[in-house]
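Engineer:
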Amino acid sequence: MMFGLLFLLVTGVGLVAPLNVLVVSTVSSPSHHIWVSRLTDGLLAKGHHVTELVLRPPEKHANKTSFYITEKTYGEHPGLDLEQAGTHTLAEEIPFFYHFCEESINVILQSSAFQSLVQHLKRDKPHFDVFLIDYVMAEPLLALGTLVNRPPVVALTAFNLPEDIMELMGSPYFASLLPYMGVGAHGGTPMDFGERVYNFVKWVMYKAYIYWSYRPFIENTITTTFPNSPPLSALLENVSVSLVNTVPALHGAMPLVPGVVEVGGLQIRPAKQLPDDILAWVDKKAAPHGFIFMSFGTNVRSANLAKDRRDAILRAFSRVKQRVLWKYEDDDIMDKLPPNVRVAKWLPQNDLLGHPNIRCFVSHNGGLSTQEASYHGVPILGVPFFVDQTAYAEKVERTGLGRRLQYKHITEERFYEALTDVLENPRYRENIRRVGAALKDQKETPLERAVWWVEYVARTGGAPHLRAPSRQLHWYQVFMLDVIAVLAAALLLCSWLAFRSLSLIVSALPSSGKKTHKD
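Going by my numbering, the residue at position 305 of the sequence shown is 403; the numbering climbs one at a time, nothing skipped.
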C-alpha cells in the first residue's frame, strides 16, 4: 500500500495538477448559465481553480473567484413579447437576432463586473492554463486572453451547433444537409428541393449580414475595448477545441472535425427524490392515470401568455384524466384552476421528467428541456417561441418524439387534440425511449468528456495537431469555387479559341458553292 502511494507520488501517474481556468459565460439566457455552470462544477470537482465572469448569481466555492454582472441585459427583461414570437419574416429575423446580440454585448462591456475583471487581469497578471468562453454572442470577449498569457481557448456553446462554430473550427457546412440555425441533421432524412432552396437563401442572407454588419461591430468593439488586442482573425486562431451541445442520438450524424467535441446533455443528472408535497401530487396513488408537466423554461414566462390562450389551455387540461403540474410565475389564475391542475412558480424539471408516473411534457422545446425529456423518455408537446425552440420542435415532430403546436394557433380544441394524441399514441413514447436509451449508452458521461477535453487542451498546449487545415482557407477555397472558376474560365477560353480558329479556317477556304460564268 505504502509502496503504491510512493510510486504515484514519484511518477505522478494518475495525478492531475490543478488548472487555472478562466471562464466567460455571458449569453443572456439562464439556460446557458445552467449548462456552463454544470461544466464549471465538473472542473471544480476535479480540484481545478476557476475565475469566471457570469450573468447569474454564482454559488460560492473555495476554488472559485466570480465576477457577477448585475446589470440586466436585453434578454433578461421579463417582458418578452410572446405575441410577436415567431412572426418575423426572414428579412426581419436576422437584424432582430443580431441587434439582440449587440445590445447584450454592450451591456456586458459596460458592466462593473467586467471592469473589475479587466482590472484584476491587468493588475495581478494571473496565469491561466485554459480559457473557456460561451462563444456565440460573446466574440469580443476573446480579447480578455490578451490581457494575461494568451491561454488556449475552448469555445463553448449551449446553442447546439451554430454554423459559426463549424466555420471557426474548419468543419464543412453543407446547406444541403444541415438546416441553418437548425438543430443538427434534418430529422434523420434529407431536405427536399424546396427546403434546400430556402435553406440556401437563409444561409446566404445570414452570412451577408454577418460579414457586412455584425462582424464589423465585433471588430470595432474589440478595437475600442481592447486597444492593444490583435484583430479578431488572430484571436480566432487561438481557439483550440469547441464543446458543442449536440449528441448523435438526438441531433443526427454530422460532418465534424476532431476539434469539435459533442457533449450534448452535459447538464443532465439522474433524477432525485421529489419534494414531499410534489410527490404526493404526482405519485401513482394520487394520479392513477399519470401526470402532465408543463413548463416554458427560463426565458418564457407562462404568466405572459395571452389570457385567451392561457384559458384555452386550462380548459383543455380540465378535459384530460391526468393530473397537471404547471410552472406558472404569478398568482392570477389560482381561482381558475381545474381540480386536476396545480401551479408553482418553480418546479424541479429534471426530477419530474425522471419520475416514472409522468406521461407528457408540454414544453417550449428549448435545447436543454428537449434533451432532458429525451434522456428520460418523456414524449413532448412542443409550443416553440423563438431561436432554436422552433427547430427543436420541428425535429421532435419529424422524428416522432411528440407533436408541435404554434403558439399563435392555440385554441382549446387544437391544444386538446395534440395533447391527447401525445398521451394516447404509444409510438411517441416508444420513439423517445429509444433516443433516451442511446443517450444513456455512452462510454462516459458528456460532463466527464467535456472535463477531459478541457484538461487535454491545457496539457497539450492547445492541441495544435487537431487544427483542421481548412481553418487557413477562405470559404470560397474550401468549396473549391476558385478552382471551379479558373477551370470554367479556362474551358470558356479554350472553347472561344477553338471557335475562333474554326471560324478563321472556314473563312479562308474557297467557296465551293459559287460558279464563274463567262459571256
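Where a beta carbon is used, it is the ideal one built from N, C-alpha and C, also for glycine.
(1) With distance defined between alpha-carbon atoms, name the residue in Arg421, Val481, Phe597 nearest to Val625.
(2) Quick one: Cα of Leu334 to Cα of Pro116, how far?
(3) Let me know if Gly177 comes out buried or exposed under the rule of 16 or more other beta-carbons within 10 Å of its beta-carbon.
(4) By the three-class DSSP mapping on this structure, what secondary structure does Gln502 have?
(5) For a test of your reading of the model: does the CB of Leu364 fall under 6 Å from any non-hydrogen atom of the ligand HEM? Yes or no.
(6) Please classify Lys383 as buried or exposed, where buried requires at least 16 neighbouring CB atoms within 10 angstroms.
(7) Quick test of your reading: Val119 and Asp227, contact by CB under 8 Å. State the CB separation rounded to the nearest angstrom.
(8) Which class does His147 belong to by DSSP, given the choice of helix, strand or coil?
(9) For Arg502, is the classification buried or exposed, using 16 other Cβ atoms within 10 angstroms of its Cβ as the cut-off for buried?
(10) CA-CA distance, Leu259 and Leu595?
(11) Classify Glu190: buried if its beta carbon has 16 or more other beta carbons within 10 angstroms, exposed otherwise.
(12) Using 8 Å for Cβ pairs, my map puts Leu521 next to Val418. What's the rounded Cβ distance?
(13) Using a Cβ-Cβ cut-off of 6 Å (strictly less than) and excluding sequence neighbours within five positions of Gln420, which residues of its own chain qualify?
(14) With DSSP as the reference, label Trp424 as helix, strand or coil.
(15) Quick check: what's the CA-CA separation for Leu412 versus Leu435?
(16) DSSP puts Cys458 in a beta bridge; with which residues?
(17) Leaving aside the five residues before and after Val398 along the sequence, list all residues of the same chain whose C-beta is less than 6 Å from its C-beta, in chain order.
(18) Reducing DSSP to helix, strand and coil, say where Thr255 ends up.
(19) Can the beta-carbon of Tyr304 be found less than 7 Å from the beta-carbon of Ile206?
(20) Classify Gly534 as buried or exposed, calling it buried when 16 or more other Cβ atoms lie within 10 Å of its own Cβ.
(21) To which residues does DSSP link Lys229 through a beta bridge?
(22) If you draw a straight line from the alpha carbon of Phe597 to that of Leu590, how long is it in whole angstroms?
Structural biologist: Per the coordinate set shown:
(1) Residue 625 is absent from the structure shown; the chain starts at 99 and stops at 617.
(2) For Leu334 and Pro116, the distance between alpha carbons rounds to 26 Å.
(3) Confidence in Gly177 is poor, its pLDDT being 47 and thus under 50, which makes the residue's placement too unreliable to answer from.
(4) Checking the sequence, you will find Arg at residue 502 rather than Gln. In the structure shown, the three-state DSSP call for Arg502 is strand.
(5) By its list of ligands, the structure shown contains no ligand whatsoever, and the ligand HEM lies outside what it can speak to.
(6) So Lys383 counts as exposed.
(7) With a Cβ gap of about 7 Å, Val119 and Asp227 count as contacting.
(8) Correct three-state label for His147: strand.
(9) With 16 or more Cβ atoms within 10 Å of its Cβ, Arg502 is classed as buried.
(10) C-alpha separation (whole angstroms): 48 Å.
(11) By the neighbour-count rule (16 or more Cβ atoms within 10 Å), Glu190 is not buried but exposed.
(12) That belief holds up - the Cβ atoms of Leu521 and Val418 are roughly 7 Å apart, short of 8 Å.
(13) Cβ within range, chain order: His387, Gly388, Phe389, Ile390, Arg457.
(14) Of the three classes helix, strand and coil, the one that applies to Trp424 here is strand, per DSSP.
(15) If you take the alpha carbons of Leu412 and Leu435, they lie about 7 Å apart.
(16) DSSP lists Ile390 as partners of Cys458.
(17) Counting only Cβ-Cβ distances below 6 Å, and skipping sequence neighbours, we find His462, Phe483.
(18) Thr255 falls in the strand class under three-state DSSP.
(19) No, they are not a contact pair.
(20) Burial call: buried.
(21) The question names Lys, but residue 229 is Phe in the sequence shown. Phe229 is bridged to Leu120, Val251.
(22) When rounded, the separation of the alpha-carbon atoms in Phe597 and Leu590 is 10 Å.
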